[in-house]
Amino acid sequence: MGIAKIVATRGTCDRLQVGAVLVKDRRIIATGYNGAPPGMPHCDGEGGHQMENGHCIRTVHAEENSLLQAAVMGSMSTVGATVYTTHSPCHHCFKALAVAGVTRIVAGADYQSPAVVEARKYAKIVLDYYQPSPEWAGRLAEAFKAPIENYVSKA
3 MGIAKIVATR
13 GTCDRLQVGA
23 VLVKDRRIIA
33 TGYNGAPPGM
43 PHCDGEGGHQ
53 MENGHCIRTV
63 HAEENSLLQA
73 AVMGSMSTVG
83 ATVYTTHSPC
93 HHCFKALAVA
103 GVTRIVAGAD
113 YQSPAVVEAR
123 KYAKIVLDYY
133 QPSPEWAGRL
143 AEAFKAPIEN
153 YVSKA
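Below you can see the structure in the form of structure tokens.
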């Protein structure tokens, strides 16, 4: 989860920075963060937010970007993979993860919609919430010179 939080800092949509790390067989196969597609204007720059129904649609979400990176880079199959993400996925990303064969999501914070709760009834994806041990949270906080609250789940 620490790696997902670091990856999130690359996000270019300042409404919410999210990071995702795809792991299979205990190896990182791809990472993703929320940001505009290559060559397109970013939210935190000249582009600003492109809002539709209360959501910024300019960005590609972190979970989807991690799946796309795996495809573009030709890394190993995502079937049976786990994704560590700083926030639980939106409905669109949940569907993409299901299609890609991801079997487990480990989320640092809750950002669920009723549609994701309903979809989980049918998809064979386990959703867990990350709860670091106090010792590990303290080590992360010390290493990154940040308050320990940054590393303790609020879910």
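Here the numbering used here = 1-based position in the sequence shown + 2. Cβ coordinates follow ideal geometry from the N, Cα and C atoms, glycine included. Just so you know, these numbers come straight off a predicted model, no measurement behind them.
Contacting residues, own chain, Cβ-Cβ under 8 Å from residue i (five flanking each side not counted)
i	result
V118	S90, P91, C92, H93 and F96
K26	M78, S79, T80, G82, A83 and T84
I5	G21, V23, I30, T33 and Y86
Per-residue DSSP class, three states only, for residue i
i	result
C95	helix
G110	coil
V81	coil
I123	At residue 123 the sequence reads Lys, which differs from the Ile that was named. Three-state result, K123: coil.
L18	coil
V9	helix
R29	strand
V23	strand
V118	helix
A157	At A157, the pLDDT of 46 sits below 50, so the modelled position is not reliable; the number obtained from the coordinates is stated separately. Reduced to three states, the DSSP call for A157 is coil.
Euclidean distance between Cα positions of residue i and residue j
i	j	result
Y113	S79	27 Å
V85	I107	5 Å
D130	A22	14 Å
M53	M3	29 Å
E48	G41	12 Å
S115	E137	32 Å
K7	S135	16 Å
G110	T88	4 Å
R141	V9	18 Å
P43	H63	15 Å
A98	A145	34 Å
Cβ-based neighbour list, residue i, same chain, cut-off 7 Å, excluding 5 preceding and 5 following
i	result
D16	C45 and D46
A100	A125 and I127
Y132	M3, V108, A109, G110 and S155
A102	L69 and T80
Beta-carbon proximity list for residue i, same chain, < 6 Å, skipping 5 on both sides
i	result
Q19	A10 and G13
| request: Could you say if the stretch 36 to 44 and the stretch 57 to 67 meet the contact criterion of at least three C-beta pairs nearer than 8 Å? | output: The answer is yes - the stretch 57 to 67 touches the stretch 36 to 44, with three or more Cβ pairs under 8 Å.
So, does the stretch 69 to 88 touch the stretch 52 to 59, judging by three or more C-beta pairs under 8 Å? Contact fails: fewer than three Cβ-Cβ distances are below 8 Å.
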